[in-house]
Amino acid sequence: MSFITDYFTHLLVQYGYWVLFFALMLELIALPLPGEFIMTYAGLIVYQGQLNWILCIVAAGLGSCIGMTISYWIGFRLGTPFFEKYGRRFHFGPEKLHHVSRWYSRYGNKLLLVAYFIPGVRHMTGLFSGITRLPFRKYAAFAFTGAVLWVSIFISLGRLLGPKWESYHHAINRYLIIAGVIMFCIYLCIYVYRKKKDELKAAFDGFLEKGVTRFHSMGKVKFIVVAAFAFFVLFTSLLIGLIQDFLAHELTAFDEVTVFIVQQIFDQSWTGIMNNIALLGSYSYFIPIIVITGIWIALKGIDRTLELTILVVVTLAGKGLNELLRIWFHREGPSGGFTVLTFPSQQTMLALTIYGFAAYLIFRHYGNYAVRFIALIGVITVCFSVGICLVFLQLQYPSDVAAGYVFGGVWLSMSVILLEVLRMIRGLKRECQ
Numbered sequence: 001m002s003f004i005t006d007y008f009t010h011l012l013v014q015y016g017y018w019v020l021f022f023a024l025m026l027e028l029i030a031l032p033l034p035g036e037f038i039m040t041y042a043g044l045i046v047y048q049g050q051l052n053w054i055l056c057i058v059a060a061g062l063g064s065c066i067g068m069t070i071s072y073w074i075g076f077r078l079g080t081p082f083f084e085k086y087g088r089r090f091h092f093g094p095e096k097l098h099h100v101s102r103w104y105s106r107y108g109n110k111l112l113l114v115a116y117f118i119p120g121v122r123h124m125t126g127l128f129s130g131i132t133r134l135p136f137r138k139y140a141a142f143a144f145t146g147a148v149l150w151v152s153i154f155i156s157l158g159r160l161l162g163p164k165w166e167s168y169h170h171a172i173n174r175y176l177i178i179a180g181v182i183m184f185c186i187y188l189c190i191y192v193y194r195k196k197k198d199e200l201k202a203a204f205d206g207f208l209e210k211g212v213t214r215f216h217s218m219g220k221v222k223f224i225v226v227a228a229f230a231f232f233v234l235f236t237s238l239l240i241g242l243i244q245d246f247l248a249h250e251l252t253a254f255d256e257v258t259v260f261i262v263q264q265i266f267d268q269s270w271t272g273i274m275n276n277i278a279l280l281g282s283y284s285y286f287i288p289i290i291v292i293t294g295i296w297i298a299l300k301g302i303d304r305t306l307e308l309t310i311l312v313v314v315t316l317a318g319k320g321l322n323e324l325l326r327i328w329f330h331r332e333g334p335s336g337g338f339t340v341l342t343f344p345s346q347q348t349m350l351a352l353t354i355y356g357f358a359a360y361l362i363f364r365h366y367g368n369y370a371v372r373f374i375a376l377i378g379v380i381t382v383c384f385s386v387g388i389c390l391v392f393l394q395l396q397y398p399s400d401v402a403a404g405y406v407f408g409g410v411w412l413s414m415s416v417i418l419l420e421v422l423r424m425i426r427g428l429k430r431e432c433q
């Protein structure tokens, strides 16, 4: 550790809550202090019983909120005249300020929720919020929420990791930064779609001009296709990175950290519950869901033959694809042996594709937003729970589970796009007849 981190470690042991308060307040005023290090080490001290977990979160949260408030009012008082006059001295002249201000006025308030997890960005968000005259109430709502979330996660992680804190905190910081960037990119995509919806629809109508008039629900169809394509691009990007890490043997740290955290959260008394939940990723549940979905399509579906065909393709071809992928990557699971090749996880990949396809049909044919929301949350909860159980029971590595999600996301999004495109082609043929 460096001199600064050693010094703050000593102070934290001696003065505890006051160090958390002032260190985070000063860091968010733009001083280069190791905030994540201080919070995770505070979590370690909580683990040792020398500090109270809730009081640590309160002290760190108050310091962060006050620091962000001071940073906002500094930016508010300096305003654009300061940067117009002195900005060129540090390569931030009026033109660049104008572009940044326009961008920040659109996206800045939402950025505050995830900016804490991105080093360098969190130090500037308060200043730019003040400079761009973002209303303080709106600023405070997002900034304070993000601050509490940020300190809670890092202090809790330090508490969970305990003695393993020094070994894993760098890896965890990296994954949290990646997660923050991904969350913000997803938000940007949603925001751009909502703001440019008319332009995107016009472009999409031009591309699919023929055959559109026969579909009364074309607005919904366009949204589904665009959303499926966006998820396809997202999962494909994750897939490329995952394969690169797998080939470079860089998944070990992720596996170790995740297994340790799961073991810290769930003790052996959960074994029976985990065994039961893990069945959601087995054919004991897959087959009934497939049969129920097939019956529903036969009774309520619009293009019954097409939807039943895609259901069969999603299920059988998805299983075949998973078998080929596991043989290709040839990675033995925790229990070893050729018969238990686990990368990517068959359970999480098939769970996401089968449950996800059933939820897609609900979204496609039901206009009730409550039903759609319940279906979406249900799929996320089931798939996540299955993954946690597989890791807890030491049947698969966390990276196997994550790979199953990623490959399943690619396969599901491709299947949805294929179904909707074929549906449009069939409609076009009917139009021409």
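Sequential numbering of the sequence shown, starting at 1, is according to full-length UniProt numbering.
Just so it is clear, CB atoms sit at the ideal spot from N, CA and C, and this is done for glycine as well.
Here the structure is a predicted model, which means the values were calculated and not measured.
What separation, rounded to the nearest whole angstrom, lies between the Cα atoms of residue i and residue j?
i: L340; j: T293; result: Going by the sequence as given, residue 340 is Val instead of Leu. Whole-angstrom Cα-Cα distance: 29 Å.
i: M218; j: A143; result: Reliability fails at M218, whose pLDDT of 48 lies under 50, so the model's placement of it is uncertain and the value that follows must be treated cautiously. Near 39 Å, if we compare the C-alpha coordinates of A143 and M218.
i: A387; j: G16; result: The sequence as given places Gly at residue 387; Ala does not occur at that position. About 37 Å.
i: I273; j: V391; result: 14 Å
i: V262; j: S335; result: 18 Å
i: I374; j: I295; result: 21 Å
i: G61; j: D245; result: 35 Å
i: L306; j: R423; result: 8 Å
i: S152; j: F128; result: 25 Å
i: L20; j: Y369; result: 43 Å
i: V233; j: R364; result: 21 Å
i: D400; j: I327; result: 13 Å
i: D267; j: L393; result: 11 Å
i: V291; j: W150; result: 44 Å
i: S237; j: R331; result: 22 Å
i: A140; j: V371; result: 33 Å
i: K319; j: L31; result: 53 Å
Using a 10 Å radius around the Cβ and a threshold of 16 neighbouring Cβ atoms, would you call residue i buried or exposed?
i: Y366; result: exposed
i: V416; result: buried
i: T213; result: Any reading at T213 must be qualified, since the residue scores a pLDDT of 43, below 50, and its modelled position is unreliable; no value is offered.
i: W411; result: buried
i: E323; result: exposed
i: I377; result: exposed
i: I155; result: buried
i: L299; result: exposed
i: H216; result: In this predicted model, H216 has a pLDDT of only 43, less than 50, meaning its place in the structure is not dependable enough to derive any value.
i: T271; result: exposed
i: G333; result: buried
Could you spell out where the alpha helix (DSSP H) holding residue i opens and where it closes?
i: E27; result: 17-28
i: Q263; result: 252-265
i: I308; result: At residue 308 the sequence reads Leu, which differs from the Ile that was named. Per DSSP, L308 belongs to the alpha helix (DSSP H) from 304-312.
i: G294; result: 283-300
i: E323; result: 318-329
i: H365; result: 346-365
i: N276; result: 271-278
i: F373; result: 369-392
i: H123; result: 122-131
I'd like to know whether the C-beta atoms of residue i and residue j end up nearer to each other than 8 Å.
i: G146; j: A115; result: yes
i: I74; j: G130; result: yes
i: R159; j: V313; result: no
i: F254; j: P398; result: yes
i: I38; j: L12; result: yes
i: F231; j: S413; result: yes
i: R122; j: L55; result: no
i: I229; j: G409; result: This sequence places Phe at residue 229; Ile is not what is there. Cβ atoms of F229 and G409: not closer than 8 Å.
i: F357; j: L418; result: no
i: T125; j: L113; result: no
Notebook entry, point to check: Using 8 Å as the threshold, is the stretch 342-350 in touch with the stretch 384-404, meaning 3 or more CB pairs across them?
Noted result: yes
Check: Quick one: any contact between the stretch 351-364 and the stretch 276-296, if contact means 3 or more CB pairs under 8 Å?
Finding: Contact between the stretch 351-364 and the stretch 276-296 is present, because at least three Cβ pairs lie under 8 Å.
Item checked: Three CB pairs or more closer than 8 Å across the stretch 23-41 and the stretch 59-78 -> Counting Cβ pairs under 8 Å, three or more are found: they touch.
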